[in-house]
């Protein structure tokens, strides 16, 4: 076609990005890659091929790391870690800065490699993935620089095992490696088997930056290699990938006491109100679900449109879809590239095949091979499988809603909770809906916005932990200093005879603001040190847990109460406890056979005051994301927290767990000290007289080991904590894998009387939600 | 709505493909629909994001690039609107409009006969321009209605239109009263535009919104709709005299309004970004924006114009580079 014909047809024509330099880099490395361990590439071992999904051509051969490779990588990381930490934040800042600079200098090489390996359009790798990866290293170079002054009590975890997916090979590496290195950790990272090249090129960059050997180690291969990393002696596992694998990792690491960050799947709602800029909302969908072919964990894949504009909106959407260009990912005018592998493509096709609804496929011709057309399935209901299941492809499903509250209900009717978009020109609507959405990230009038300064991560089965910003550093550091000795169970005192009480007292469970007899109808005798009978403590069973959780979920209004009001309630509890200080001190002393009852009561009152003080001060922040707008990191309560209280300090332990949790708006199900339960049953009388709404605090007594599985597995519990003397770690962490609830099992003993910093409790009691609000009159 | 009826069938076949709606029915306008106007929304951040990423999403290379740049020339209103315009200056401009690119380059591109879309001048220069363009088929456009502020007495503005049409202008670029937009007087804007349209008679009317003075993109969206409802053949961004002239975000808002108007009424209204477009690369981005948001039908001079004076020079250099492979120099191309 000559200029004259094109002058008439006005077609785009081909605009290919040259792949020569990237292919030359592969060839220069021999097109056969070993692992990167201790600063050098190992000899290639057992090999597999990595292909360009757009044309099926083999790009290189990659090593399937052996168990010995993984062990060597962990060993190298272990050996390098003390030196890397000792280098200091400022030294590490220089190294991270060098990595950022080198990523920038070689930006086109990385972009082309990424597109060759993954099949995503060059526009995306060039304009989004690679610049964001650079930004992550720059941002965290700054975090390293500031670590000693701004986080004086933090230190590295040690060796971090990191497993990343194939959809953003370099960017996910950056999200994992940059914060880990900044805090003084060393890493063993496994890229996804389909997309190893960016990580291997990054290894090359690490050499050029003069990074000490062993600080970054890269082992390649399939899921078996990932399992070996998870099974290794590492101090942390960070994983981004499917919910299914995340759950397996949670189960596999249960009881090992290593922190996890899991960034998993999603079915993120994209809510369009009738007063939205509909054309912009349609364009937003292009970036929500057709960005990287919808192979994005936070893809806006579930469209909810207000009924009155649904017809018009869907018309506009279909017209826009028909303009999308599908084809060679290296072409600069392509919107949708290749699906990462034929297996994935077949999976997507099968899911769409089985769906009802009105299916519209983009009009553009779909090239032969590993391509799938942008697809809309309209007219579905929440009951349809594809409204619930993650497709992980360029397929959008849609339904309608009537009111803002119904939009929230439908949006939250999902196992996942990664991201959400809200489109409305009404600030009242948008800012009312955003905090109500079960999601770690909410974009107002936008979608898929990311920045190193703004935390990213999910709730529910989308995982836990945050990446980016100050909040993300928590996942790669721990409080400095020696930990306590392993906590030991305390045995209850034994006795024989039953002494008659002047007037028999009946301790009960406390559920939903009412005293309740245990469902099982059993109680155990509680004796003092000398074997004298103090009374009977009810033995709660699984049904009591069920009832308590139901009551706690019913007390949602507590989360909506103002922080000032929650503080007032906490002060009131403190006041009423202080008024009965002597009785509680005596009760504690008799139960424990100690003499610290008075101190314990005093510390409890103090703890309540501290929590009340924090209630309206544990703020979020505005992240400095590069846009005109606000990227706000909000602090939200987790929801319902189930907690096993420490054996020792039966009053103070319970108050220390309860107070920070309810200060932030959580509701709690507390399982009282197993050996000394009867002070907890006195404590509910204090709650009763302190304006604590029913269901906010629920108190059970019973055997921790028996109750742990039920509480940990309960699907309507958002977090479970344990400070019990009984070793519940494995039980709780395995149980938590079910709905991927957050868990915090503290197996080291604490000096409860001396606890000064409530922040770790407040962190555990809150979720960070990033709300992006771009603006412009 | 007698006004609608009165203008409905005044379209005359002028015979030039450059002229708006000579290929299909002119936009007769529709009654002012305030519900529709007030529903128009324009989210500035989202619109800016779309505009900012568009040049990275579409790229044309080699022959395609040359063809697209030639298309930009064919859609150009070659313009001179200066106080020191003289007959000689306008004749030079017209000559350039008829031979916008060196003949040998056009021959190499097989695009001999390529002209700009029109020539755009002040009223006093219409006669000269009509004379200079005699027989070429190129229309003369005249800015009118007290351009650029549009604040002269209404009856004089209408008379100015009539005089210009009488003098041979086939396109009239009117300026709207910004104050009607800024005070939300949509009925007033509608009536004013209707009156202009009527005064134009067979000449086609382009409504200059002066978007740089409308304050918000939402106002741009609403003013675009009102002007189309009142029978504009084209909507145009700027006079070139505001501090901010054509931009991609403003263009996006206006062409989305054009798209909505076409979808609801079936009438195609043209679009003219003016001022501030001086690079060939920018012109290609504008064409891509039109292609993406409105469709190929709008990539013709009857529905799309650039209001530009220095853009042509850059395109000429790029075309010579395309033909010879060597970067060009300004003095190798004839000045306007």
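Protein chains in written order, with our numbering: chain D, 1 to 777; chain A, 778 to 1113.
Cβ coordinates follow ideal geometry from the N, Cα and C atoms, glycine included.
Just so it is clear, the structure is predicted and the values come from calculations on it, not from any experiment.
Exercise for the section: Determine the extent of the beta strand (DSSP E) in which residue 538 of chain D is found, giving its start and end residues. Expected result: By one-based count along the first chain, residue 538 of chain D stands at place 538. Here the beta strand (DSSP E) through residue 538 of chain D covers 533-538.
Practice task
Would you kindly work out how many angstroms separate the C-alpha atoms of residue 288 of chain D and residue 720 of chain D, rounded to a whole number?
Solution key: Along the first chain, read from residue 1 onward, the residue named residue 288 of chain D stands at position 288. Along the first chain, read from residue 1 onward, the residue named residue 720 of chain D stands at position 720. If I take the Cα positions, the gap works out to 33 Å.
Practice task
Check distances from the C-beta atoms of the segment 823-849 of chain A to those of chain D and list, in chain order, the residues that come in under 8 Å.
Solution key: 823, 824, 825, 826, 827, 830, 833, 834, 835, 836, 837, 838, 839, 840, 841, 843, 844, 845, 847 and 848
Handout entry: Cβ-based neighbour list, residue 559 of chain D, same chain, cut-off 6 Å, excluding 5 preceding and 5 following
Key = Within the first chain, numbered from 1, the residue matching residue 559 of chain D stands at position 559. Within the same chain, residue 559 of chain D has close Cβ partners 637 and 665.
Practice task
Look up residue 291 of chain D in the DSSP assignment and give the residues it is bridged to.
Solution key: For the purposes of this step, residue 291 of chain D is taken as the residue at position 291 of the first chain. Residue 291 of chain D pairs with nothing; no bridge assigned.
Practice task
Please confirm whether residue 49 of chain D and residue 65 of chain D have their CB atoms less than 9 Å apart.
Solution key: As a working mapping, residue 49 of chain D is identified with position 49 in the first chain. As a working mapping, residue 65 of chain D is identified with position 65 in the first chain. No; because the gap between Cβ atoms is not below 9 Å, this pair is not in contact.
Exercise for the section: Spell out a yes or no on whether the segment 480-494 of chain D and the segment 445-455 of chain D are touching, meaning 3 or more CB-CB pairs, one atom from each, closer than 8 Å. Expected result: Using a C-beta cut-off of 8 Å, the segment 480-494 of chain D makes no contact with the segment 445-455 of chain D, since fewer than three inter-stretch Cβ pairs fall below that distance.
Practice task
Go ahead and pull the three-state DSSP assignment for residue 981 of chain A.
Solution key: Position 204 of the second chain holds residue 981 of chain A. Three-state DSSP puts residue 981 of chain A in a strand.
Practice task
Ignore the nearest five residues each way along the sequence and tell me which others in residue 1026 of chain A's own chain have a CB closer than 6 Å to its CB.
Solution key: In the second chain, residue 1026 of chain A corresponds to position 249, counting from 1. So the list reads 824, 825 and 828, once near-sequence residues are dropped.
Handout entry: Proximity test, Cβ basis, 9 Å: residue 275 of chain D and chain A
Key = Start at 1 with the first residue of the first chain, and residue 275 of chain D comes out as number 275. With 9 Å as the cut-off, residue 275 of chain D counts as an interface residue toward chain A.
Practice task
Residues of the segment 1043-1077 of chain A with a CB closer than 7 Å to any CB of chain D: list them in chain order, please.
Solution key: 1068, 1069, 1073 and 1076
Handout entry: Inter-stretch contact (C-beta, 8 Å, three-pair minimum) for the segment 93-105 of chain D and the segment 129-143 of chain D
Key = yes
Problem - Reference residue 421 of chain D, options D:746, D:271, D:46 and D:17, closest by Cα - result: The residue you call residue 421 of chain D lines up with position 421 of the first chain. Comparing Cα positions, the closest option is D:271.
Exercise for the section: Output yes if chain A places a C-beta closer than 9 Å to the C-beta of residue 7 of chain D; else output no. Expected result: Numbered from 1 along the first chain, position 7 holds the residue referred to as residue 7 of chain D. With 9 Å as the cut-off, residue 7 of chain D counts as an interface residue toward chain A.
Exercise for the section: Would you kindly work out how many angstroms separate the C-alpha atoms of residue 992 of chain A and residue 952 of chain A, rounded to a whole number? Expected result: To locate residue 992 of chain A, count along the second chain from 1; it is residue 215. To locate residue 952 of chain A, count along the second chain from 1; it is residue 175. Distance between the alpha carbons of residue 992 of chain A and residue 952 of chain A is about 16 Å.
Handout entry: Per-residue contacts from residue 10 of chain D into chain A (C-beta, under 8 Å)
Key = If you number the first chain from 1, residue 10 of chain D lands on position 10. Going along chain A in sequence order, the residues near residue 10 of chain D (Cβ under 8 Å) are 844, 845, 848, 1064, 1068, 1073 and 1076.
Practice task
Look at the alpha carbon of residue 806 of chain A and the alpha carbon of residue 357 of chain D, and state the distance between them as a whole number of angstroms.
Solution key: If you number the second chain from 1, residue 806 of chain A lands on position 29. If you number the first chain from 1, residue 357 of chain D lands on position 357. Cα to Cα, residue 806 of chain A sits roughly 39 Å from residue 357 of chain D.
Problem - Three-pair Cβ contact test at 8 Å for the segment 806-818 of chain A versus the segment 1006-1013 of chain A - result: yes
Handout entry: At least three beta-carbon pairs within less than 8 Å, the segment 24-38 of chain D to the segment 148-155 of chain D
Key = Two segments are said to touch when three or more pairs of C-beta atoms, one from each, lie closer than 8 Å; by this definition the segment 24-38 of chain D does not touch the segment 148-155 of chain D.
Problem - beta strand (DSSP E) runs wholly inside the segment 864-942 of chain A, at least 3 long, in chain order - result: 895-898 and 917-920
Practice task
Buried or exposed for residue 6 of chain D, please, with buried defined as at least 16 other CB atoms from any protein chain shown within 10 angstroms of its CB.
Solution key: Sequence index remark: in the first chain, residue 6 of chain D carries index 6 (1-based). Buried.
Handout entry: Any chain D beta carbon closer than 9 Å to residue 993 of chain A
Key = On the second chain, position 216 is the one that residue 993 of chain A refers to. Taking Cβ atoms only, chain D reaches closer than 9 Å to residue 993 of chain A, which makes this a yes.
Practice task
Could you tell me whether the segment 475-485 of chain D touches the segment 276-294 of chain D, using the rule of 3 or more Cβ pairs below 8 Å?
Solution key: no
Handout entry: Straight-line Cα distance separating residue 1056 of chain A from residue 792 of chain A
Key = Here residue 792 of chain A is taken as the residue at index 15 of the second chain, counted from 1. Here residue 1056 of chain A is taken as the residue at index 279 of the second chain, counted from 1. In this prediction, residue 792 of chain A scores a pLDDT of 34, lower than 50, which makes its location untrustworthy; no coordinate-derived value is stated.
Exercise for the section: Taking residue 96 of chain D and residue 178 of chain D to be in contact with their CB atoms under 8 Å, please state how far apart those CB atoms are, rounded to whole angstroms. Expected result: Against the first chain, residue 96 of chain D aligns to sequence position 96. Against the first chain, residue 178 of chain D aligns to sequence position 178. The pair is a contact, with the Cβ atoms about 6 Å apart (cut-off 8 Å).
Practice task
Work out the CA separation of residue 1066 of chain A and residue 895 of chain A for me, nearest whole Å.
Solution key: The residue labelled residue 895 of chain A in the question sits at position 118 within the second chain. The residue labelled residue 1066 of chain A in the question sits at position 289 within the second chain. Taking the straight line from one Cα to the other gives about 22 Å.
Practice task
Could you pull out every residue in the same chain whose Cβ sits closer than 7 Å to the Cβ of residue 691 of chain D, ignoring the five residues on either side in sequence?
Solution key: Numbered from its first residue, the first chain carries residue 691 of chain D at position 691. Around residue 691 of chain D, the same chain offers 569 and 572 as residues with beta carbons nearer than 7 Å, after the five sequence neighbours per side are excluded.
Handout entry: C-alpha gap between residue 56 of chain D and residue 23 of chain D, whole angstroms
Key = As a working mapping, residue 56 of chain D is identified with position 56 in the first chain. As a working mapping, residue 23 of chain D is identified with position 23 in the first chain. Near 15 Å, if we compare the C-alpha coordinates of residue 23 of chain D and residue 56 of chain D.
Handout entry: Assigned exposure category for residue 782 of chain A - 16 Cβ within 10 Å defines buried
Key = For the purposes of this step, residue 782 of chain A is taken as the residue at position 5 of the second chain. Bear in mind that a pLDDT of 38 at residue 782 of chain A, under 50, signals an unreliable position, so the number given afterwards is only what the model happens to contain. Exposed.
Handout entry: CA nearest to the CA of residue 291 of chain D, picked from D:344, D:324 and D:688
Key = Within the first chain, numbered from 1, the residue matching residue 291 of chain D stands at position 291. Measuring from the Cα of residue 291 of chain D, the nearest candidate turns out to be D:324.
Practice task
Verify whether the separation of the beta carbon atoms of residue 163 of chain D and residue 230 of chain D is less than 9 Å.
Solution key: As a first step, residue 163 of chain D is located in the first chain; it is residue number 163 there, counting from the start. As a first step, residue 230 of chain D is located in the first chain; it is residue number 230 there, counting from the start. Contact flag set, yes.
Problem - Buried/exposed call for residue 367 of chain D, threshold 16 Cβ in 10 Å - result: Position 367 of the first chain, counted from the first residue, corresponds to residue 367 of chain D. Residue 367 of chain D is exposed by the Cβ-count criterion.
Practice task
Taking 9 Å as the cut-off, decide whether the C-beta atoms of residue 540 of chain D and residue 509 of chain D are in contact.
Solution key: Along the first chain, one-based indexing puts residue 540 of chain D at 540. Along the first chain, one-based indexing puts residue 509 of chain D at 509. It is a contact, given that the beta carbons lie within the stated cut-off.
Exercise for the section: Pull up the distance between the alpha-carbon of residue 218 of chain D and that of residue 122 of chain D, whole angstroms please. Expected result: Your numbering for residue 218 of chain D matches position 218 in the first chain. Your numbering for residue 122 of chain D matches position 122 in the first chain. In a straight line, the C-alpha of residue 218 of chain D is about 25 Å away from that of residue 122 of chain D.
Exercise for the section: Below 8 Å CB to CB, which residues in the same chain sit around residue 316 of chain D once its five sequence neighbours on both sides are set aside? Expected result: Within the first chain, numbered from 1, the residue matching residue 316 of chain D stands at position 316. Within the same chain, residue 316 of chain D has close Cβ partners 278, 279 and 282.
Problem - Segment contact flag, the segment 1075-1085 of chain A with the segment 844-858 of chain A, C-beta cutoff 8 Å, min 3 pairs - result: yes
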